[in-house]
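K.L.:
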Amino acid sequence: MRQHTVTDSPYGPLTLVADGDGVLCGLYMTDQRHRPPQETFGPRDDGSFAEAEEQLAAYFAGELKEFTLQLRMSGTPFQRAVWDQLTKIPYGETRSYGELADALDNPGASRAVGLANGRNPIGIIVPCHRVIGASGGLTGYGGGLDRKRRLLDFERGTALF
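The C-terminal position of the sequence shown is numbered 1424 in my numbering, with every residue numbered one higher than the one before it.
#1: What does a CB cutoff of less than 7 Å around residue 1329 pick up in its chain, not counting 5 residues either side in sequence?
#2: Find the nearest neighbour of residue 1418 within the set 1398, 1388, 1396, 1402, judged by alpha-carbon distance.
#3: Span of the alpha helix (DSSP H) holding residue 1377?
#4: Just to confirm my understanding: we take residue 1415, look at its own chain, exclude 5 residues before and 5 after, and list those with CB closer than 6 Å. What are they?
#5: Which term fits residue 1424, buried or exposed, when burial requires 16 or more other beta carbons within 10 angstroms of its beta carbon?
#6: Does the segment 1320-1334 come close enough to the segment 1356-1369 that 3 or more CB-CB pairs lie under 8 Å?
#7: Enumerate, from N- to C-terminal direction, the unbroken alpha helix (DSSP H) stretches of 4 or more residues contained entirely within the segment 1307-1351.
#8: Which residues mark the beginning and the end of the alpha helix (DSSP H) in which residue 1363 is found?
#9: Look at the Cβ atom of residue 1287, then the Cβ atom of residue 1334, and state whether they are nearer than 8 Å.
#10: Please classify residue 1303: does DSSP put it in a helix, a strand, or coil?
#11: Count the other C-beta atoms from every protein chain shown that fall within 10 angstroms of the C-beta of residue 1377, then say buried if there are 16 or more, exposed otherwise.
#12: Quick check on the burial criterion: 16 or more other C-beta atoms within 10 angstroms. Buried or exposed for residue 1339?
#13: Around the C-beta of residue 1266, are 16 or more other C-beta atoms found within 10 angstroms, so that it is buried, or is it exposed?
#14: Specify, as a first and last residue, the run of the beta strand (DSSP E) that residue 1277 falls within.
#15: State yes or no: is the C-beta of residue 1304 within less than 8 Å of the C-beta of residue 1278?
#16: Measure the beta-carbon distance from residue 1292 to residue 1410 and round it to whole angstroms, keeping in mind my assumption that it falls under 8 Å.
Below, the structure written as structure tokens:
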């Protein structure tokens, strides 16, 4: 059975969801595109997410560059491959959808990469915000382009929360 908690962040409340084994399987922002219905998150349990909350707090304080949480992400094999590639984008850097498609040995799949990126169930920790358009411009983000811009500026050291 799933459980969840809600924690504060510079972006407003973040809903953390864990599966029956206590492994993080979701991190959702308010008004996020593709956010599952609240009733699928299970009961609220504010005592089971200490490590995730500590790492998120350290990230937002600028003290953590790479998360070390155990994650369980449900999706198609292609989606999981894209999400795995997201975790390889270093803090403060970006990649284009095309570069991710190339990394998957599927150079024609940049649109499919974008769709999979948009379905990432564990935002911020699995850094889908680090993916940009081929021209270097900001394109789609389930949490909104303003949040994406703020996260990228934060990681580049050009803005603080």
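Yeah, the Cβ is synthetic: ideal placement off N, Cα and C, and Gly gets one too.
P.N.:
On the basis of the supplied data:
#1: Around residue 1329, the same chain offers 1354 as residues with beta carbons nearer than 7 Å, after the five sequence neighbours per side are excluded.
#2: The residue with the shortest Cα to Cα distance from residue 1418 is 1388.
#3: For residue 1377, the uninterrupted alpha helix (DSSP H) segment begins and ends at 1373-1381.
#4: No residues qualify anywhere along the chain.
#5: Bear in mind that the predicted position of residue 1424 carries a pLDDT of just 48, short of 50, making it unreliable; the figure below should be weighed with that in mind. Exposed is the label assigned to residue 1424, since fewer than 16 other Cβ atoms lie within 10 Å of its Cβ.
#6: Taking a cut-off of 8 Å for Cβ pairs, the segment 1356-1369 and the segment 1320-1334 do not touch, as fewer than three such pairs fall below it.
#7: With a minimum length of 4 residues, the continuous alpha helix (DSSP H) runs that stay inside the segment 1307-1351 are 1313-1323, 1340-1349.
#8: Under the DSSP assignment, residue 1363 falls in the alpha helix (DSSP H) whose first and last residues are 1360-1366.
#9: Yes, Cβ-Cβ distance for residue 1287 and residue 1334 is below 8 Å.
#10: Helix.
#11: In this structure residue 1377 is buried. Its beta-carbon is surrounded by 16 or more other beta-carbon atoms within 10 angstroms.
#12: Taking all protein chains shown into account, residue 1339 has fewer than 16 neighbouring C-beta atoms within 10 Å of its C-beta and is therefore exposed.
#13: Here residue 1266 is buried, its C-beta having at least 16 other C-beta atoms within 10 Å.
#14: For residue 1277, the enclosing beta strand (DSSP E) begins and ends at 1277-1281.
#15: Cβ atoms of residue 1304 and residue 1278: closer than 8 Å.
#16: Yes, they are in contact, since the Cβ atoms of residue 1292 and residue 1410 sit about 7 Å apart, within 8 Å.
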